[in-house]
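Undergrad: Just so we're aligned: the sequence shown equals residues 1 to 234 in UniProt numbering.
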Amino acid sequence: MVAVALVALSSVLMWASFPPLGWAPLAFLAPVPFFLAIRRVERPLMAIALGFAWGAAFFGLLLSWLMVLGVVAWFPLAILMGSFTALFAFWIWTFRLWPGWRWWLIAVGGWAVMEWVRGRFPFGGFPWGDIGYPAAGLPGASGSVQWIGPSGWTVLVVGVAAGLALVIESRKEWRLVVDPTVVTILVILGGFLFPPVAGAQVWRTAIVQGSSPCPMVRCQNENKRIYERHMELT
């Protein structure tokens, strides 16, 4: 029950770090309960089940807006995303008995690979929910995206979180949280001091969203009517 509660807490914290709440600092804490839960279970099937539950719950909350299209659009996608985190959970569980620094590398590298694969497969991928995105929106952090991108922020965020999980288990692993935290602070300071500067002429554009003339239902000549509405508003 403790492991299930930790996974539930982690998925809610992950969801809260994204819009509409957008509490970005929670991204650094959200994976910690998940890591602790996976490291404490004894059976591989339990690790897989917890990983699946974490992914399905997080993406189910994150993609709840899809419910306007019906359960058929929301449910399969949440299940598919849960399968990726289930495999990741099994990966980090397999190496849970390794020395702390090795497991830290396994966790950080595994998370980065999981996001990379999920962002490309299947059907072109689904990069929504990458943990680097909320962190990259922090003040100063957005300026550093020019150097490391959202994927770099994924590595930093998961590095801090994995280090925290190890420190909770053993204070001897303190360097595994201090080192990535220091690097994160330096990257943020760099983003503050050296923000990206536009080197060319600035162009301003506008996007017209005409919406549907018959929302929530299908109507006759809907595509043509949407086109005509956009033409009227442009």
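C-beta atoms are modelled at their ideal positions from N, C-alpha and C, and glycine is treated no differently.
What is the residue span of the alpha helix (DSSP H) that K224 lies within?
TA: Within the sequence shown, the letter at position 224 stands for residue 224. Taken as a continuous stretch (DSSP letters only), the alpha helix (DSSP H) holding K224 covers 222-233.
Undergrad: Nearest to R118 by CA position, among F194, I79, I168, E169, is which residue?
TA: In the sequence shown, residue 118 corresponds to position 118, counting from 1. Measuring from the Cα of R118, the nearest candidate turns out to be I79.
Undergrad: Classify L13 as helix, strand or coil using the three-state DSSP reduction.
TA: Locating residue 13 in the sequence shown gives position 13, counting from the first residue. Helix, per DSSP.
Undergrad: Leaving out the 5 sequence neighbours to the left and right, which residues in its chain are closer than 6 angstroms to V197 when beta-carbon positions are compared?
TA: One-based indexing of the sequence shown puts residue 197 at position 197. Cβ within range, chain order: n/a, list empty.
Undergrad: Ignore the nearest five residues each way along the sequence and tell me which others in E169's own chain have a CB closer than 8 angstroms to its CB.
TA: Against the sequence shown, residue 169 aligns to sequence position 169. Same-chain partners within the cutoff: L36, R39.
Undergrad: Where T85 and A200 are concerned, what is the direct C-alpha to C-alpha distance, given to the nearest angstrom?
TA: Within the sequence shown, numbered from 1, the residue matching residue 85 stands at position 85. Within the sequence shown, numbered from 1, the residue matching residue 200 stands at position 200. In a straight line, the C-alpha of T85 is about 42 angstroms away from that of A200.
Undergrad: From V108 to D130, what does the alpha carbon distance come to, in whole angstroms?
TA: The residue given as residue 108 occupies position 108 in the sequence shown. The residue given as residue 130 occupies position 130 in the sequence shown. Those two C-alpha atoms are separated by around 13 angstroms.
Undergrad: Give a yes or no on contact between the segment 156-173 and the segment 23-32, applying the rule of three or more CB pairs nearer than 8 angstroms.
TA: Verdict: yes, contact present.
Undergrad: Have a look at A24, G152, I106, S142 and flag the residue whose alpha-carbon is nearest the alpha-carbon of F194.
TA: On the sequence shown, residue 194 is found 194 positions in, with the first residue counted as 1. Comparing Cα-Cα distances from F194 to each of A24, G152, I106, S142, the minimum goes to S142.
Undergrad: Just checking my contact of A47 with F75 at CB under 8 angstroms: how many whole Å lie between their CB atoms?
TA: Walking along the sequence shown from the start, residue 47 turns up at place 47. Walking along the sequence shown from the start, residue 75 turns up at place 75. That belief does not hold up - the Cβ atoms of A47 and F75 are roughly 23 angstroms apart, past 8 angstroms.
Undergrad: Measure the C-alpha to C-alpha separation of F121 and A112 and round it to an integer number of angstroms.
TA: Working through the sequence shown from its first residue, we reach residue 121 at position 121. Working through the sequence shown from its first residue, we reach residue 112 at position 112. The straight-line gap from Cα to Cα measures roughly 14 angstroms.
Undergrad: If we ignore side chains and look at the alpha-carbon of each, how far apart do F95 and S212 end up?
TA: Locating residue 95 in the sequence shown gives position 95, where the first residue counts as 1. Locating residue 212 in the sequence shown gives position 212, where the first residue counts as 1. Answer to the nearest angstrom: the Cα atoms are 51 angstroms apart.
Undergrad: Quick check on this structure: which residue in V208, I185, I207, L69 has the alpha carbon closest to the alpha carbon of P139?
TA: Counting from one through the sequence shown, the residue named residue 139 turns up at place 139. For the residues V208, I185, I207, L69, the minimum Cα distance to P139 belongs to I185.
Undergrad: L13 and L26 look like a contact to me (Cβ under 8 angstroms); what is the Cβ gap, rounded to whole Å?
TA: What you label residue 13 is simply residue 13 of the sequence shown in a count that begins at 1. What you label residue 26 is simply residue 26 of the sequence shown in a count that begins at 1. The Cβ separation is near 5 angstroms, so the contact holds.
Undergrad: List the endpoints of the continuous alpha helix (DSSP H) containing V155.
TA: Within the sequence shown, the letter at position 155 stands for residue 155. Looking at the DSSP string, the run of the alpha helix (DSSP H) that includes V155 is 141-169.
Undergrad: Grouping DSSP H, G and I as helix and E and B as strand, with all else coil, what is I79?
TA: Position 79 of the sequence shown holds residue 79. In the structure shown, I79 sits in a helix (DSSP, three-state: H, G or I).
Undergrad: Span of the alpha helix (DSSP H) holding M67?
TA: Here residue 67 is taken as the residue at index 67 of the sequence shown, counted from 1. Neither: M67 is in no alpha helix (DSSP H) and is coded neither H nor E.
Undergrad: Counting only the same chain and skipping the five closest in sequence on each side, list residues whose C-beta sits under 6 angstroms from that of R225.
TA: Sequence index remark: in the sequence shown, residue 225 carries index 225 (1-based). Only P213 meet the Cβ criterion.
Undergrad: Can you tell me where the alpha helix (DSSP H) with D130 in it begins and where it stops?
TA: Here residue 130 refers to the residue found at position 130 when the sequence shown is read from its first residue. Run containing D130: none; DSSP gives neither H nor E here.
Undergrad: DSSP three-state call for G137: helix, strand or coil?
TA: In the sequence shown, counting from the first residue as 1, residue 137 sits at position 137. If DSSP states are grouped into helix, strand and coil, G137 belongs with coil.
Undergrad: Going straight from the alpha carbon of W228 to that of V155, what length do you get?
TA: Here residue 228 refers to the residue found at position 228 of the sequence shown. Here residue 155 refers to the residue found at position 155 of the sequence shown. A small correction: the amino acid at residue 228 is Glu; Trp does not occupy that position in the sequence shown. So the two alpha carbons sit approximately 46 angstroms from each other.
Undergrad: Name the residue from R43, F28, F18, A49 whose alpha carbon lies nearest to the alpha carbon of V7.
TA: Counted from its first residue, the sequence shown places residue 7 at position 7. Residue A49 is the option with its Cα nearest to V7.
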